[in-house]
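Before any comments, here is the structure.
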């Protein structure tokens, strides 16, 4: 078991950000958060912006802000959408644009640290159907995840 003093700074670990005072966002996560201060939807070009958003980053942002995040990806670009503590609203125009341009729903986060917060909502299943995908993933505030959509 890893031990930490109260002055130890650990970056980019959702469980530490959520449960301690010394967990910190990584540089990439701080940059993502800063970009979301201007708009609730941000587009990243993986080459030009030299950034690839990962689901772990979204889990850390959820732990830090108490808000949900959703990620849509294709080979060259990603869209990051921020919601509230209770959900994410993606309007039909944005969803249709993302679908038309070949984006997939990489996943999203739910606020909380227990197993119950990993359960998908009906809105999650609706988004999955809209994007014509078989599965997506939900991360919680401590980095645990659940792949949903192909449950028996």
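Residue numbers (my numbering): 680 to 831.
Even glycine gets a Cβ: it sits at the ideal position worked out from N, Cα and C.
message: At 3 residues or longer, what runs of the beta strand (DSSP E) sit wholly inside the segment 702-760?
response: 720-724, 748-752
For residue 763, the first and last residue of its enclosing alpha helix (DSSP H): Your numbering for residue 763 matches position 84 in the chain shown. Neither: residue 763 is in no alpha helix (DSSP H) and is coded neither H nor E.
field: Inter-residue spacing [alpha-carbon to alpha-carbon] between residue 771 and residue 798
entry: Against the chain shown, residue 771 aligns to sequence position 92. Against the chain shown, residue 798 aligns to sequence position 119. Their Cα atoms are separated by approximately 24 Å.
- prompt: Alpha carbon to alpha carbon, how far is residue 692 from residue 830?
  reply: Position 13 of the chain shown, counted from the first residue, corresponds to residue 692. Position 151 of the chain shown, counted from the first residue, corresponds to residue 830. One C-alpha to the other measures close to 29 Å.
field: the segment 715-723 touching the segment 751-771, judged by at least three CB pairs closer than 8 Å
entry: yes
- request: Classify residue 747 as buried or exposed, calling it buried when 16 or more other Cβ atoms lie within 10 Å of its own Cβ.
  value: One-based indexing of the chain shown puts residue 747 at position 68. Buried: at least 16 other Cβ atoms inside 10 Å.
query: Using the C-alpha atoms, what's the distance from residue 726 back to residue 711?
result: Counted from its first residue, the chain shown places residue 711 at position 32. Counted from its first residue, the chain shown places residue 726 at position 47. If I take the Cα positions, the gap works out to 16 Å.
query: Quick one, which of 752, 786, 744 has its alpha-carbon nearest residue 828's?
result: The residue given as residue 828 occupies position 149 in the chain shown. Residue 786 is the option with its Cα nearest to residue 828.
- request: Indicate the three-state DSSP secondary structure (helix, strand or coil) for residue 832 in the structure shown.
  value: The structure shown does not extend to residue 832, since the chain spans only 680 to 831, so no value can be given for it.
query: Looking at the structure shown, is residue 686 part of a helix, part of a strand, or coil, going by DSSP?
result: Within the chain shown, residue 686 is the residue found at index 7, counting from 1. Low local confidence applies: a pLDDT of 43 at residue 686 is under 50, so the model's placement there is unreliable, with the coordinate-based value given in what follows. Residue state, collapsed to three classes: coil.
- request: Determine the direct distance from the alpha carbon of residue 699 to that of residue 812, and round the result to whole angstroms.
  value: As a working note, residue 812 is residue 133 in the chain shown. As a working note, residue 699 is residue 20 in the chain shown. Distance between the alpha carbons of residue 812 and residue 699 is about 36 Å.
Neighbourhood of residue 821 by C-beta distance below 8 Å, restricted to the same chain and skipping five residues each side: Here residue 821 is taken as the residue at index 142 of the chain shown, counted from 1. If you ignore the 5 residues before and after residue 821, its C-beta comes within less than 8 Å of the C-beta of 693, 694, 697, 698, 738, 742, 792, all in its own chain and listed in chain order.
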